[in-house]
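Q: Below you'll find the structure I mean.
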Amino acid sequence: MESFADYASRLHISDLPIIVFLFKAFFVLFIIISIILFIYDRYIQRENQLLINYPLIGRLRYFFYALRDPMRQYFGDEKFYESFDKVKWVLNSAERKSPYASFSPAQPQTSARLSIKNANCVLNTEEVSTKFSVTFGTDIKKPFTTKSIFGRSAMSDGAISPEGTRAFSKGAYLGNFPINTGEGSLTSNFLYTHKYKKENDKYLDTYEGTFFAKGIYKMMKFFFHQAGAEAVYRHLIIDANDAESYLFDCDCLVCYRINWKAPLEEFPQEVPDDLPDIIFQMGSGLYGVRHSDGEFNEDRYKKTMRFAKMTEIKMAQGAKQTGGKLLGNKVSEAIAYYRGVEAHKDLFSPNQFPFAQTLEELFDFMGRLKKLSDKPVGVKIVISSHEGFREYADLIQERIKAGSNAYPDFITIDGGDGGSGAAPLEMMMTVGMTIAKALYIADTTLRNVGVRDSVKIIASEKVLTPDDAIMLFGVGADYVAIARAFMMSAGCIRARECSGANGRSCPVGLATQDKSKRASFLTEKKAINVASYHDQLVYGVRNLLAIMGLRNINELGKSNLIFKDHTGKTYMNVNHYFEESVIK
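Letter by letter, the sequence shown follows residues 211 to 794 in this note's numbering.
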């Protein structure tokens, strides 16, 4: 193969000094610009964590994104969700960009689907009530009334990075919506917005630096950035493997975390008002509420509930009906501290919840938790049959008739298409019913036994946009829990490396314990994005209610929906469709 010089000589390029000069100048300019961009991406900009971890190369992602719409026939259509438009809606809403689409959807919706009936005389959006709330545990001493009908679904600190959990927690606080801890316990990062106060010292474990350490912090912050200064300050004053379990107050320059050994009397009597509404999830590992031998710790549970509004017992989730799975590379020293386990070893929770040999035992345990906390308690399940759920409904009816409160105040139903950071592939799409059919079974069964008013229903599965949510509310949900869309709003690029297996980790520092990746995560920026996504979601629901002629979300029901199957057949009464499709 002839050399470039020979090729250039044959073309007489050497006889054109201007072309040679321009070629060399372009090459030098390219190298200089590349170096400048590399330095800017890696060390200066703090707007994009992907570019911090993958300077220069990461920009190709956004180049291809820009080409996606005009050249989608070459890149392929969205396969997991109905269309890429839905994913783009989430991203635009989080970034406070216009969520409106142009011309038509990128992918025509030809599959069988629920749709909305519009009213002859629609309302203006302003006429629709802005009150979106649900009350759980109406007969409990301390019922929980939410400020939103949406919440972040269960995702543990550990599965999510500390920085990611803080972003979600602050986003929930800013957006006034609940956040579920996941089964990994109530960690310091869920309390990110809880500011240090001298009077809190009684239930906090604190560290405060010397004059020298504080001076180093201020100097680092002035010359570099907040995150780097905090890391150095933390290293100077805390000599412990689990130093990451401490929060940092940048005003008082104090590192602090909950002192779980403090007496219960020292803990706040009511949930502090600088926290988001936290739903504590208890999984089969009893993380955060167990003794060193793994047995349930009533005192620790009582202390935990001083910061949470209600408890959810996890029996199963859509992507896996086993216990939670956290690989050893995600079990950091801090995660081990929170969960009371050994660091850097795979952590697989038992399949069976320890107090659920039977449904009767499970319900009795719920009654025990209610007595300990005076707060609502519910259960998260996957529905696979009429018969299976009827056992729940019949037992609830039996307990209510007996005057007992040992039954779930709410049931969280996770659809069979639900996601997970780490799950057996064979369970991800093959176990459980899809959410619409599961919701129909739950709602109608509870109504048939006369206990629907006593039990709220939470639905969760693949909700991205307002129309996704409105279908679930119409079929019977009181509240919708969302995971993947909130992940996207916090910067998730769906790289599907959440588990940390095979030496790979989340490239944006959101679902990893890799410190080099986490260091790039922009907590404060992403917290605002998380809140923005929620706000746009609620506004979108108001828009849909307006064109349906409904002034309040509570007016929405199955009569406002229709179903179109893949042949074009339309069910004006969706009950007929569900009765045909869910055959007992």
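We treat Cβ as the ideally placed atom computed from N, Cα and C, and that holds for glycine.
The structure presented is a predicted model; accordingly, all values stated were derived computationally and were not measured.
Taking the straight line between their C-alpha atoms, what separation do you get for Q283 and F274?
A: On the sequence shown, position 73 is the one that residue 283 refers to. On the sequence shown, position 64 is the one that residue 274 refers to. Confidence at Q283 is low in this model, with a pLDDT of 47, below 50, so the placement of that residue is unreliable and no value is reported for it.
Q: Any idea which residues DSSP pairs I623 with across the strands?
A: Residue numbering aside, residue 623 sits at position 413 when the sequence shown is read from its first letter. According to DSSP, which records beta bridges pairwise, I623 is partnered with I591 and A669.
Q: Give, in chain order, every unbroken run of the alpha helix (DSSP H) that is at least 4 residues long and sits entirely within the segment 635 to 716.
A: DSSP runs (the alpha helix (DSSP H)) wholly in the segment 635 to 716: 635 to 638, 645 to 658, 676 to 685 and 694 to 699.
Q: Between L485 and T403, is the Cβ-Cβ spacing less than 8 angstroms?
A: Mapped onto the sequence shown, residue 485 falls at position 275. Mapped onto the sequence shown, residue 403 falls at position 193. Contact: yes.
Q: On the premise that I680 lies in contact with I326, defined as a C-beta separation below 8 angstroms, what is that separation, rounded to the nearest angstrom?
A: Sequence index remark: in the sequence shown, residue 326 carries index 116 (1-based). Sequence index remark: in the sequence shown, residue 680 carries index 470 (1-based). At roughly 7 angstroms, the Cβ-Cβ gap stays under 8 angstroms, so I326 and I680 are in contact.
Q: In chain order, what residues of the same chain lie with their CB nearer than 8 angstroms to the CB of S343, ignoring the 5 residues before and after it?
A: Locating residue 343 in the sequence shown gives position 133, where the first residue counts as 1. Result list for S343: T355, T356, K357, S358 and I359, in chain order.
Q: Taking the alpha-carbon positions, what's the M365 to G385 distance?
A: Taking the first residue of the sequence shown as position 1, residue 365 is located at position 155. Taking the first residue of the sequence shown as position 1, residue 385 is located at position 175. Between M365 and G385, the C-alpha separation is close to 18 angstroms.
Q: Terminal residues of the continuous alpha helix (DSSP H) containing I229?
A: To locate residue 229, count along the sequence shown from 1; it is residue 19. Taken as a continuous stretch (DSSP letters only), the alpha helix (DSSP H) holding I229 covers P227 to I249.
Q: Going by C-alpha distance, which of A669, S595 and T675 is nearest M643?
A: To locate residue 643, count along the sequence shown from 1; it is residue 433. Looking at the Cα atoms, S595 is the closest of the given residues.
Q: Strictly by DSSP, which residues pair up with D415?
A: Reading the sequence shown from its first residue, position 205 is the one you call residue 415. Note: D415 sits in a beta bridge opposite R467.
Q: Leaving out five residues before and five after K611 in sequence, what residues of the same chain have Cβ atoms less than 7 angstroms from its Cβ?
A: Within the sequence shown, the letter at position 401 stands for residue 611. Hits under 7 angstroms: none found.
Q: How would you call V238, buried or exposed, if buried means at least 16 neighbouring beta carbons within 10 angstroms?
A: Numbered from its first residue, the sequence shown carries residue 238 at position 28. Flag for V238 reads exposed.
Q: Using DSSP with H/G/I as helix, E/B as strand and the rest coil, what is G368?
A: As a first step, residue 368 must be located in the sequence shown, where it is residue number 158. If DSSP states are grouped into helix, strand and coil, G368 belongs with coil.
Q: Near G361, what residues of its chain come up, given a Cβ to Cβ distance below 6 angstroms and the 5 sequence neighbours on each side ignored?
A: Within the sequence shown, numbered from 1, the residue matching residue 361 stands at position 151. Excluding residues within five positions, the ones whose Cβ falls inside 6 angstroms are F387, P388 and A691.
Q: Return the chain-ordered list of same chain residues with a C-beta closer than 6 angstroms to the C-beta of L324, the five sequence neighbours on each side being excluded.
A: Your numbering for residue 324 matches position 114 in the sequence shown. The answer, listed in chain order, is M681, L771 and F773.
Q: Please go through the same chain and pick out, in chain order, the residues whose beta-carbon is closer than 7 angstroms to the beta-carbon of I651, but skip the five residues on each side of it.
A: On the sequence shown, position 441 is the one that residue 651 refers to. These residues qualify, in order along the chain: I593, H596, F599 and V792.
Q: Under the rule that 16 or more other beta-carbon atoms within 10 Å means buried, what is H744, buried or exposed?
A: The residue you call residue 744 lines up with position 534 of the sequence shown. H744 comes out buried.
Q: Tell me the rounded alpha-carbon separation between R252 and N399.
A: The sequence position of residue 252 within the sequence shown is 42, counting from 1. The sequence position of residue 399 within the sequence shown is 189, counting from 1. Between R252 and N399, the C-alpha separation is close to 26 angstroms.
Q: Mind the definition here: the segment 519 to 527 touches the segment 486 to 500 only if three or more C-beta pairs lie below 8 angstroms; say whether that holds.
A: They touch, by the three-pair rule.
Q: Please report how far the alpha carbon of F313 lies from the alpha carbon of Q746, in whole angstroms.
A: Stepping through the sequence shown from its first residue, residue 313 is reached at position 103. Stepping through the sequence shown from its first residue, residue 746 is reached at position 536. Looking at the two C-alpha atoms, the distance is approximately 21 angstroms.
Q: Who are the near neighbours of A756 in its chain, counting only those whose CB is closer than 8 angstroms to its CB and skipping five residues on each side?
A: Here residue 756 refers to the residue found at position 546 of the sequence shown. Contacts found: V332, L333, N334, T335, E337 and V338.
Q: Who are the Cβ neighbours of A472 in its own chain at under 6 angstroms, not counting the five residues just before and after it?
A: In the sequence shown, residue 472 corresponds to position 262, counting from 1. Cβ within range, chain order: Y413.
Q: Quick one: grab the DSSP three-state call for I488.
A: What you label residue 488 is simply residue 278 of the sequence shown in a count that begins at 1. I488: strand per DSSP, three-state reduction.
Q: Rounded to the nearest angstrom, how far is the Cβ of Y689 from that of K672, given a contact under 8 angstroms?
A: Your numbering for residue 689 matches position 479 in the sequence shown. Your numbering for residue 672 matches position 462 in the sequence shown. Going by Cβ atoms, the distance from Y689 to K672 rounds to 16 angstroms, so no, they are not a contact pair.
Q: If we call anything under 8 angstroms between Cβ atoms a contact, is L572 one with A566?
A: In the sequence shown, residue 572 corresponds to position 362, counting from 1. In the sequence shown, residue 566 corresponds to position 356, counting from 1. For L572 and A566, yes; Cβs fall inside 8 angstroms.
Q: What residue from P560, M576, K590 and G495 has the CA that sits closest to Y548's CA?
A: Start at 1 with the first residue of the sequence shown, and residue 548 comes out as number 338. Y548 has its Cα closest to that of G495, out of P560, M576, K590 and G495.
Q: Could you please give the first and the last residue of the uninterrupted alpha helix (DSSP H) stretch that includes R752?
A: Within the sequence shown, residue 752 is the residue found at index 542, counting from 1. Per DSSP, R752 belongs to the alpha helix (DSSP H) from T733 to I757.
Q: Where are the alpha helix (DSSP H) runs, 4 residues long or more, that stay fully inside the segment 422 to 458, in chain order?
A: The segment 422 to 458 contains these whole alpha helix (DSSP H) runs: 436 to 447.
Q: Pairing CB atoms from the segment 652 to 659 with CB atoms from the segment 601 to 621, are three or more of them under 8 angstroms?
A: Yes, since at least three Cβ pairs between the segment 652 to 659 and the segment 601 to 621 fall closer than 8 angstroms, the two stretches touch.
Q: Could you have a look at R376 and say whether DSSP puts it in helix, strand or coil?
A: On the sequence shown, residue 376 is found 166 positions in, with the first residue counted as 1. Here R376 sits in helix by DSSP.
Q: So, for P265: in the same chain, excluding its five sequence neighbours on each side, which residues have a beta-carbon less than 6 angstroms away from its beta-carbon?
A: For the purposes of this step, residue 265 is identified with residue 55 of the sequence shown, where counting begins at 1. If we look at P265 and ignore the five residues flanking it on each side, its Cβ neighbours are F248, D251 and R252.
Q: On a Cα-Cα basis, can you pick out the residue from V551, D627, M515 and I621 that is closest to K581?
A: In the sequence shown, the residue the question calls residue 581 occupies position 371. Of V551, D627, M515 and I621, the residue nearest in Cα terms is M515.
Q: Do the segment 531 to 538 and the segment 427 to 441 make contact, defined as three or more Cβ pairs closer than 8 angstroms?
A: Cβ pair count under 8 angstroms is below three, so no.
Q: Suppose contacts are defined by Cβ-Cβ distances below 8 angstroms. Is P353 in contact with P618 by that definition?
A: Looking up residue 353 in the sequence shown gives position 143. Looking up residue 618 in the sequence shown gives position 408. The answer is no: Cβ separation not under 8 angstroms.
Q: Go to T403, then tell me how far its alpha helix (DSSP H) extends in each direction, as first and last residue.
A: As a working mapping, residue 403 is identified with position 193 in the sequence shown. Here T403 belongs to no alpha helix (DSSP H), and DSSP marks it neither H nor E.
Q: Out of A695, K431 and K380, point me to the one whose CA is closest to D483's CA.
A: Indexing the sequence shown from 1 puts residue 483 at position 273. Closest option to D483, Cα to Cα, is K380.
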